[in-house]
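Contents: one structure, followed by commentary.
Residue numbers (my numbering), protein chains in the order written: chain A, 208 to 366; chain B, 1114 to 1221.
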């Protein structure tokens, strides 16, 4: 009971940090790939008219915190959720999760490179590399949040 | 000495080594959630194994070693390297990860 309560708290914290990360990385990616150029002061334009490199350190910290929370929950997933999916003959959801763990690890490994491209290289250089690495991290975050949410809907790890 | 020049090498080696170690299913450490035990090898009788931490540890160690070797190369040589192509490695790694999952036992 006590352990389940801890899992519930960590799961909620994991989700809240992931949602914050999702907002930050989406903002940065959209602004980078579709920058605002003059024109009207619409909501869409305002959304894109931000200083993209300001988000970098926040994204790095949020990504690490999200992965740390996720690592704590992983064993419980293997004990209670994966066997449940197998029992229901929907084991392929385990494949969705396996890709989630790979994306988390690859994303974690890419963070130094992501930081390097945003913080040490002039923004006029290595434009394609910066754009693709940022988009990859955004894809990882979106995929991982959606799969995590879906699995939690199937069977949570908490109470 | 400019240490930031080592960052791309560290990142690229980490992700490549992680994915290769996953493909080989040779994690450096394993966690057995049912028994709440860590082990460097297989524990007989325990089948529910988490290799993810061990794959990441393998990636980390490989990255440290390769980065240390790269650091021995004089900076006047390494500063000629342009990192425009650097995005190709993570894209290939992601495709490799997709391949591993798709051909894995999840769809059987």
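Ideal Cβ positions, reconstructed from N, Cα and C, are used throughout, including at glycine.
Residue i: buried (16+ other C-beta within 10 angstroms of its C-beta) or exposed?
i, result
"residue 337 (chain A)", "buried"
"residue 1160 (chain B)", "exposed"
"residue 340 (chain A)", "buried"
"residue 1137 (chain B)", "exposed"
"residue 1129 (chain B)", "buried"
"residue 294 (chain A)", "exposed"
"residue 1143 (chain B)", "buried"
"residue 1212 (chain B)", "exposed"
"residue 1124 (chain B)", "buried"
"residue 270 (chain A)", "buried"
"residue 331 (chain A)", "exposed"
"residue 224 (chain A)", "buried"
"residue 240 (chain A)", "exposed"
"residue 1267 (chain B)", "This structure cannot settle anything about residue 1267 (chain B), because the visible part of chain B is limited to 1114 through 1221."
"residue 1187 (chain B)", "exposed"
"residue 355 (chain A)", "buried"
"residue 1153 (chain B)", "exposed"
"residue 319 (chain A)", "buried"
"residue 248 (chain A)", "exposed"
Would you mind working out which of the options sits nearest residue i, comparing C-alpha positions?
i, options, result
"residue 274 (chain A)", "B:1190, B:1165, B:1137", "B:1165"
"residue 1226 (chain B)", "A:248, A:317, A:234", "Only positions 1114 to 1221 of chain B appear in the structure, and residue 1226 (chain B) is not among them; the question remains open."
"residue 1204 (chain B)", "A:292, A:344, A:256, A:299", "A:344"
"residue 290 (chain A)", "A:245, A:322, A:362", "A:362"
"residue 202 (chain A)", "B:1163, B:1151, B:1154, B:1152", "The structure shown has nothing for residue 202 (chain A), since chain A only spans 208 to 366."
"residue 348 (chain A)", "A:299, A:313, A:220", "A:313"
"residue 1122 (chain B)", "B:1199, B:1189, B:1214, B:1216", "B:1199"
"residue 1147 (chain B)", "B:1140, B:1156, B:1141, B:1139", "B:1156"
"residue 283 (chain A)", "A:217, A:353, A:350", "A:217"
"residue 304 (chain A)", "A:259, A:350, A:260", "A:350"
"residue 352 (chain A)", "A:211, A:212, A:215, A:222", "A:222"
"residue 250 (chain A)", "A:224, A:315, A:234", "A:234"
"residue 1171 (chain B)", "B:1151, B:1145, B:1195, B:1134", "B:1134"
"residue 1195 (chain B)", "A:302, A:215, A:261, A:335", "A:335"
"residue 215 (chain A)", "A:325, A:261, A:280", "A:280"
"residue 1140 (chain B)", "B:1209, B:1167, B:1185, B:1201", "B:1167"
"residue 278 (chain A)", "B:1190, B:1193, B:1169, B:1173", "B:1169"
"residue 346 (chain A)", "A:326, A:306, A:320", "A:306"
Below 8 Å on the Cβ atoms is my contact criterion, and I expect residue i with residue j to pass it. Report the Cβ-Cβ distance as a whole number of Å.
i, j, result
"residue 231 (chain A)", "residue 265 (chain A)", "5 Å"
"residue 254 (chain A)", "residue 237 (chain A)", "7 Å"
"residue 1117 (chain B)", "residue 1175 (chain B)", "Contact doesn't hold; Cβ gap of about 20 Å is too wide."
"residue 276 (chain A)", "residue 220 (chain A)", "6 Å"
"residue 322 (chain A)", "residue 227 (chain A)", "The pair is not a contact, with the Cβ atoms about 18 Å apart (cut-off 8 Å)."
"residue 298 (chain A)", "residue 292 (chain A)", "6 Å"
"residue 1180 (chain B)", "residue 1132 (chain B)", "In fact, because the Cβ distance is near 18 Å, the residues do not count as touching under 8 Å."
"residue 1214 (chain B)", "residue 302 (chain A)", "5 Å"
"residue 333 (chain A)", "residue 1197 (chain B)", "6 Å"
"residue 358 (chain A)", "residue 288 (chain A)", "6 Å"
At a threshold of 6 Å, does residue i count as lining the ligand ZN (C-beta to nearest heavy atom)?
i, result
"residue 219 (chain A)", "With respect to the ligand ZN, the structure shown offers nothing to examine, as it has no ligands at all."
Worksheet item: What residues in the segment 310-338 of chain A have a beta carbon less than 7 Å from any beta carbon of chain B?
Response: Legend: CB atoms of the segment 310-338 of chain A lying less than 7 Å from CB atoms of chain B belong to residues 312, 313, 316, 317, 319, 320, 323, 327, 333, 335, 336.
Worksheet item: Considering only residues of the segment 243-319 of chain A, which uninterrupted alpha helix (DSSP H) runs meet the minimum length of 4 residues and lie entirely inside it, listed in chain order?
Response: The segment 243-319 of chain A contains these whole alpha helix (DSSP H) runs: 250-255, 263-283, 289-294.
Item to complete: For the segment 1128-1161 of chain B, enumerate the residues whose C-beta is nearer than 8 Å to any C-beta of chain A, in chain order.
Response: Under the 8 Å Cβ criterion, the segment 1128-1161 of chain B contributes 1128, 1131, 1132, 1135, 1144, 1146, 1147, 1149, 1161.
Practice prompt. Give, in chain order, every residue of the segment 270-283 of chain A whose Cβ lies closer than 9 Å to some Cβ of chain B.
Written response: Result list: 278, 281, 282, 283.
Fill in: Short-range partners of chain B found in the segment 287-303 of chain A, where Cβ spacing is below 7 Å
For the segment 287-303 of chain A, which is checked against every Cβ of chain B, the residues closer than 7 Å are 298, 299, 301, 302.
Discussion item. Along the segment 225-245 of chain A, where does the CB come closer than 8 Å to a CB of chain B? Name the residues.
Written reply: Listed in sequence order: no entries.
Worksheet entry | Any beta strand (DSSP E) of 3 or more consecutive residues that is wholly inside the segment 1126-1211 of chain B | Complete beta strand (DSSP E) runs here, min 3: 1143-1145, 1150-1152.
Discussion item. Please list, in chain order, the residues of the segment 1162-1173 of chain B that have any C-beta partner in chain A closer than 8 Å.
Written reply: The segment 1162-1173 of chain B vs chain A, Cβ under 8 Å: 1163, 1165, 1166, 1168, 1169, 1172.
Fill in: Under 7 Å (Cβ pairs) to chain B, residues found in the segment 341-364 of chain A
From the segment 341-364 of chain A, only 343 have a Cβ closer than 7 Å to chain B.
Worksheet item: Of the residues that make up the segment 1200-1213 of chain B, which ones have a beta carbon closer than 8 Å to any beta carbon in chain A?
Response: Listed in sequence order: 1200, 1203, 1204, 1206, 1207, 1210, 1211, 1213.
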